[in-house]
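Participant: Take a look at this one; I'll ask things after.
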Amino acid sequence: MDLATIVGLVLGISLVAFGMILEGNIVIYLNLVSAFIVFGGTLGGVILAYSFRQLKDAVGALKIAFSRQNEEPGDIISVLVSFAEKARREGLLALEDEAYQLDDEFLKKGIQLVVDGTDPQLVRNILETELDFLEQRHAINRGVFDKAGELAPAFGMIGTLIGLIGMLSHLDDPDAIGPGMATALITTLYGALLANLVFIPLAEKLRVKSEEEILVREVMIEGILSIQAGENPRIVEEKLKAFLAPKSRNQLNEEPETEGGAVGRNAAT
776 MDLATIVGLV LGISLVAFGM ILEGNIVIYL NLVSAFIVFG GTLGGVILAY SFRQLKDAVG
836 ALKIAFSRQN EEPGDIISVL VSFAEKARRE GLLALEDEAY QLDDEFLKKG IQLVVDGTDP
896 QLVRNILETE LDFLEQRHAI NRGVFDKAGE LAPAFGMIGT LIGLIGMLSH LDDPDAIGPG
956 MATALITTLY GALLANLVFI PLAEKLRVKS EEEILVREVM IEGILSIQAG ENPRIVEEKL
1016 KAFLAPKSRN QLNEEPETEG GAVGRNAAT
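Residues 776 to 1044 (our numbering) are what the sequence shown spells out, left to right.
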């Protein structure tokens, strides 16, 4: 579980609510009309912009924002280096059993292509094509929340106009001025809060998670092709470590070596 997402969301909501309480009665910030305008308008706009399948995928992608990355680049490098060592000792065909034990479908496909003797350029094309479509799916999921973050303040402003129109149309009734002004201001507040505290941060979190997953996939592609080329395991390791930040490289160097590496594979080896 990604505690940063949960802590950020809870902390933001709590402190904003606490600020409202300090300002006065928090009940004055509750307005059903404003909620209908902002939530209803934003929801309708997002549904209009995307298909139901895309919306379903985007909602499913929310769990990614609240979960930690399952595969770290350093762990994948360890697995690939162990594969390179085995391939150098026993040949590429010896990796067939290892491929069946892999949990990661992308890595499994790459190793199987290598074992089957597929041309290296074709292996790269297949894996990079799959990676491109992965990026496209992630972009659509992220785009749903970006769109919601774009629409929420707009409908907040629309609610402000509705409130002002209602207020100006009843200037002869002093009792209607207060509610009209409240709707005008609170609707803007709702739109700004939704966009800047929920939708935009979630979209950014999904972008960061996507980049992390893509980095892991790029490491896999380069490692698979290096194994196919029969490169020295030490060279493979140094080549793949170039994908990592200096701090991550140092951590990888400090990790004790394990036989075969268990990451990305089933327990039974």
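Note that the Cβ used here is the ideal one computed from N, Cα and C, for glycine as well.
A quick note: this is a predicted structure, and the numbers were derived from the prediction, not measured.
(1) How many angstroms separate the CA atom of LEU807 from the CA atom of THR780?
(2) The alpha helix (DSSP H) with ALA978 in it runs from where to where?
(3) Compute the beta-carbon to beta-carbon distance between VAL890 and ALA874, rounded to the nearest angstrom, for a pair I have assumed lies under 8 Å.
(4) Considering only C-alpha positions, which residue in the set LEU786, MET995 and GLY931 is nearest to TYR965?
(5) Tell me which residue opens and which closes the alpha helix (DSSP H) that GLY931 is part of.
(6) Can the beta-carbon of THR942 be found closer than 8 Å to that of GLY934?
(7) Decide if ASN916 is buried, meaning its Cβ has at least 16 other Cβ atoms within 10 Å, or exposed.
(8) Report the option in VAL1011, GLY918, SER985 and ALA929 whose CA atom is closest to the CA atom of MET995.
(9) Check THR1033 in the structure and name its three-state DSSP category.
(10) Is it the case that the Cβ atoms of GLY924 and ILE975 are separated by a distance below 8 Å?
(11) Less than 8 Å separating the beta-carbons of VAL821 and VAL973?
(12) Are the beta-carbon atoms belonging to LYS984 and ILE839 less than 8 Å from one another?
(13) Between which two residues does the alpha helix (DSSP H) harbouring MET795 extend?
(14) I need the DSSP call for GLY885, collapsed to helix, strand or coil.
(15) Leaving out five residues on either side along the sequence, give the residues of the same chain with a beta carbon under 6 Å from the beta carbon of LEU926.
(16) If we count the other Cβ atoms within 10 Å of its Cβ and call it buried at 16 or more, is ILE801 buried or exposed?
(17) PHE858 lies in the alpha helix (DSSP H); which residues open and close that run?
(18) My guess is that THR962 and VAL813 are in contact by the Cβ rule of under 8 Å, so how many angstroms apart are they, rounded?
(19) Can you tell me where the alpha helix (DSSP H) with LEU809 in it begins and where it stops?
(20) On a Cα-Cα basis, can you pick out the residue from ALA859, ILE999 and VAL991 that is closest to GLU846?
Facilitator: Result, derived from the coordinates:
(1) Counted from its first residue, the sequence shown places residue 807 at position 32. Counted from its first residue, the sequence shown places residue 780 at position 5. Cα to Cα, LEU807 sits roughly 28 Å from THR780.
(2) Position 203 of the sequence shown holds residue 978. 975 to 1003 is the extent of the alpha helix (DSSP H) around ALA978.
(3) To locate residue 890, count along the sequence shown from 1; it is residue 115. To locate residue 874, count along the sequence shown from 1; it is residue 99. With a Cβ gap of about 6 Å, VAL890 and ALA874 count as contacting.
(4) Position 190 of the sequence shown, counted from the start, is the residue given in the question as residue 965. Checked all of LEU786, MET995 and GLY931; the closest Cα to TYR965 is GLY931.
(5) Reading the sequence shown from its first residue, position 156 is the one you call residue 931. Bounds of the alpha helix (DSSP H) holding GLY931 are 895 to 943.
(6) As a first step, residue 942 must be located in the sequence shown, where it is residue number 167. As a first step, residue 934 must be located in the sequence shown, where it is residue number 159. Per the sequence shown, residue 942 should be read as Met rather than Thr. Cβ distance not < 8 Å, so MET942 and GLY934 don't count as in contact.
(7) As a working mapping, residue 916 is identified with position 141 in the sequence shown. Result: buried.
(8) Translated into positions along the sequence shown, residue 995 becomes position 220. Nearest of VAL1011, GLY918, SER985 and ALA929 to MET995, Cα basis: VAL1011.
(9) As a working note, residue 1033 is residue 258 in the sequence shown. Residue placement at THR1033 is flagged as unreliable, the pLDDT there being 43, under the threshold of 50; the coordinate-derived value follows with that caveat. Three-state DSSP puts THR1033 in coil, outside helix and strand.
(10) As a position in the sequence shown, residue 924 is number 149, starting the count at 1. As a position in the sequence shown, residue 975 is number 200, starting the count at 1. In contact: GLY924 and ILE975 (Cβ atoms closer than 8 Å).
(11) For the purposes of this step, residue 821 is identified with residue 46 of the sequence shown, where counting begins at 1. For the purposes of this step, residue 973 is identified with residue 198 of the sequence shown, where counting begins at 1. No, the pair does not count as a contact, with Cβ atoms beyond the cut-off.
(12) Numbered from its first residue, the sequence shown carries residue 984 at position 209. Numbered from its first residue, the sequence shown carries residue 839 at position 64. Their beta carbons are under 8 Å apart, which means LYS984 touches ILE839 by this criterion.
(13) As a first step, residue 795 is located in the sequence shown; it is residue number 20 there, counting from the start. Start and end: 778 to 798.
(14) The sequence position of residue 885 within the sequence shown is 110, counting from 1. Assignment of GLY885 by DSSP, reduced to helix, strand and coil, places it in the helix class.
(15) Start at 1 with the first residue of the sequence shown, and residue 926 comes out as number 151. The answer, listed in chain order, is THR817 and GLY820.
(16) Translated into positions along the sequence shown, residue 801 becomes position 26. ILE801 comes out exposed.
(17) One-based indexing of the sequence shown puts residue 858 at position 83. Start and end: 848 to 865.
(18) As a position in the sequence shown, residue 962 is number 187, starting the count at 1. As a position in the sequence shown, residue 813 is number 38, starting the count at 1. Right, their Cβ atoms sit about 6 Å apart.
(19) Here the question's residue 809 lines up with position 34 in the sequence shown. A small fix is needed here, since residue 809 is Ser in this sequence, not Leu. Unbroken alpha helix (DSSP H) run through SER809: 807 to 810.
(20) Position 71 of the sequence shown, counted from the start, is the residue given in the question as residue 846. For the residues ALA859, ILE999 and VAL991, the minimum Cα distance to GLU846 belongs to VAL991.
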